[in-house]
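All residue numbers for the sequence shown refer to our numbering, where the first residue is 4 and numbers rise by one.
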Amino acid sequence: LADIRGDLAEFGVVFDHWTSERALADSGAIDHALILLEARGHLHREEGAVWFRATGFGDEKDRVVVRENGQKTYFASDIAYHLAKRERGFARLIDVLGADHHGYVARVRAGLIAMGQPGECLEAPLIQFVNLYRGADKVPMGKREAQFVTLRQLREEVGNDACRFFYLMRSHDQPLDFDLELAKSRSNENPVYYIQYAHARVASVMKQLAARGLAFEREAGLIAAERLASPHEQALLKSLTRYPEILEQAAVNRAPHTLAHYLRDLANEFHTYYNAEAFIVAEAPLRNARLALVLAAQQVLRNGLTLLGVSAPESM
């Protein structure tokens, strides 16, 4: 468990609270849940075991909560765990599950409803599987053959930034084909590199400005914003105005891939603009207006990458 915690922390994933089946048992949470089900008339005994009448709440079959030998089942622990979270004051319970655990959702929801909790309080996104590739070659993995790649190995090969971004750029309900060679490449085809490079390019522009003995005048740039009339400038401006809407969509729908795709599109708009126009021009009002625009793009890129847990380097 310590290794798992360490790997997750290195990956930028930190849980505020950890629990265990033993902790649930020691605290009396499992007994509390079973007493509640008993009091509400949702348990019955058959062949020495105690069963939960799950079929009455949408599950495909009734579930054993106490075996013939008196040992409580994993399912009893599961429903106790969810009840404990509700009783700790949490309105919404989000279980992040692998796609092969789809059958788990109905039985836990049945348990919650039977204990007097609203079934809609449980949200269970099912995460599809990841296939690793090296170019066109699929990396062999399988439980039977004990062939697998750990998160630590993946991070060590491609780095945290690429690892996080590649996972987040695909919707959780779609399988992910993770190309290791692409994730390591410094090319425009690598989305995380492409976005980070856009951020670094703006930093480079500002260094060039200082090297020429010039300073960016923000207020002058905002006043001259009407000078930003070229198709590339209008496209970049339009893309920037979408950022608040994209953030809301990503948060409400629990869809970080929405933000990842937006950042890729924004980086593309910036690179197109960068290749088409000079920013450090002689005319001060136009220069400041263009710099204000690209600095705004850099800010949004940095904010978006930070939200995804990806770095925004000043140079590459």
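Backbone N, C-alpha and C fix where the C-beta goes; we use that ideal spot for every residue, glycine too.
Does the distance from the C-beta atom of Ala201 to that of Ala270 stay below 7 Å?
-> For the purposes of this step, residue 201 is taken as residue 198 along the sequence shown, with counting starting at 1. For the purposes of this step, residue 270 is taken as residue 267 along the sequence shown, with counting starting at 1. Taking 7 Å as the Cβ cut-off, Ala201 and Ala270 qualify as a contacting pair.
If you count every other CB in all the chains shown that lies within 10 Å of the CB of Gly44, and 16 or more means buried, which is it?
-> Sequence index remark: in the sequence shown, residue 44 carries index 41 (1-based). With fewer than 16 Cβ atoms within 10 Å of its Cβ, Gly44 is classed as exposed.
With distances taken between CB atoms, is the gap from Gly15 to Gly312 smaller than 7 Å?
-> What you label residue 15 is simply residue 12 of the sequence shown in a count that begins at 1. What you label residue 312 is simply residue 309 of the sequence shown in a count that begins at 1. In contact: Gly15 and Gly312 (Cβ atoms closer than 7 Å).
CA-CA distance, Val68 and Leu183?
-> Within the sequence shown, residue 68 is the residue found at index 65, counting from 1. Within the sequence shown, residue 183 is the residue found at index 180, counting from 1. Between Val68 and Leu183, the C-alpha separation is close to 44 Å.
Which residue's Cα is closest to the Cα of Gln302: Gly114, Thr244 and Leu157?
-> Along the sequence shown, one-based indexing puts residue 302 at 299. Gln302 has its Cα closest to that of Thr244, out of Gly114, Thr244 and Leu157.
Ala292 burial status per 10 Å Cβ neighbour count (16 or more: buried) | For the purposes of this step, residue 292 is identified with residue 289 of the sequence shown, where counting begins at 1. Under this definition Ala292 is a buried residue.
What are the start and end residues of the alpha helix (DSSP H) that includes His47?
-> Counting from 1 along the sequence shown, the entry for residue 47 is found at position 44. Here His47 belongs to no alpha helix (DSSP H); instead the beta strand (DSSP E) covers Leu46 to Glu49.
Residue range of the alpha helix (DSSP H) that Arg221 falls in?
-> As a first step, residue 221 must be located in the sequence shown, where it is residue number 218. Where Arg221 is concerned, the enclosing alpha helix (DSSP H) stretches over Arg221 to Ile226.
Compare the Cα-Cα distances from Glu272 to each of Ala279, Leu239, Ala263 and Phe168 and report the closest residue.
-> Residue 272 sits at position 269 when you count from the first residue of the sequence shown. Of Ala279, Leu239, Ala263 and Phe168, the residue nearest in Cα terms is Leu239.
Return the bridge partner residues of Asp6 from the DSSP annotation.
-> Here the question's residue 6 lines up with position 3 in the sequence shown. DSSP lists no partner for Asp6.
Neighbour-count burial assignment, Asn193, 16 or more Cβ in a 10 Å radius | Taking the first residue of the sequence shown as 1, we reach residue 193 at position 190. Buried, because 16 or more other Cβ atoms sit within 10 Å of the Cβ of Asn193.
Beta-bridge pairing of Arg140 - partner residues as DSSP gives them = As a working note, residue 140 is residue 137 in the sequence shown. Checking the sequence, you will find Asp at residue 140 rather than Arg. Asp140 is bridged to Arg137.
Decide yes or no for the touch test of the stretch 161–180 against the stretch 118–132: beta carbon pairs closer than 8 Å, at least 3 of them.
-> Result yes; three or more Cβ-Cβ pairs closer than 8 Å.
Thinking C-alpha only, which one of Arg155, Thr153, Asp65 and Arg89 is nearest Leu125?
-> As a working mapping, residue 125 is identified with position 122 in the sequence shown. Selected option, being the one with the closest Cα: Arg89.
Beta strand (DSSP E) runs wholly inside the stretch 101–168, at least 3 long, in chain order = As far as the stretch 101–168 is concerned, its whole beta strand (DSSP E) runs of at least 3 residues are 133–137.
Could you tell me which residues DSSP pairs with Asp180 in its beta bridges?
-> As a first step, residue 180 must be located in the sequence shown, where it is residue number 177. According to DSSP, Asp180 bridges with Asn134.
Alpha helix (DSSP H) runs contained entirely in the stretch 43–102, provided each spans 4 or more residues = 77–90
Where does Arg189 fall in DSSP's three states?
-> In the sequence shown, the residue the question calls residue 189 occupies position 186. Three-state DSSP puts Arg189 in coil, outside helix and strand.
Cβ of Tyr107 within 7 Å of any chain C Cβ = You won't find chain C in this structure, because it holds only one protein chain.
Neighbourhood of Arg56 by C-beta, 6 Å cutoff - its chain only, sequence neighbours within 5 removed | By 1-based counting over the sequence shown, the position of residue 56 is 53. Excluding residues within five positions, the ones whose Cβ falls inside 6 Å are His45 and Asp65.
CA-CA distance, Pro128 and Tyr276?
-> Here residue 128 is taken as the residue at index 125 of the sequence shown, counted from 1. Here residue 276 is taken as the residue at index 273 of the sequence shown, counted from 1. Inter-residue distance for Pro128 and Tyr276 is about 38 Å (C-alpha atoms, whole angstroms).
So, are the CB atoms of Leu27 and Tyr77 less than 7 Å apart?
-> Within the sequence shown, the letter at position 24 stands for residue 27. Within the sequence shown, the letter at position 74 stands for residue 77. Cβ distance not < 7 Å, so Leu27 and Tyr77 don't count as in contact.
Since I believe Ala36 is in contact with Met118 (beta carbons under 8 Å), could you give me their beta-carbon distance rounded to a whole number of angstroms?
-> Here residue 118 refers to the residue found at position 115 when the sequence shown is read from its first residue. Here residue 36 refers to the residue found at position 33 when the sequence shown is read from its first residue. Correct: roughly 7 Å between the Cβ atoms.
Assumed close pair Leu298, Ile198 - CB separation to whole angstroms, cut-off 8 Å = Start at 1 with the first residue of the sequence shown, and residue 298 comes out as number 295. Start at 1 with the first residue of the sequence shown, and residue 198 comes out as number 195. In fact, because the Cβ distance is near 16 Å, the residues do not count as touching under 8 Å.
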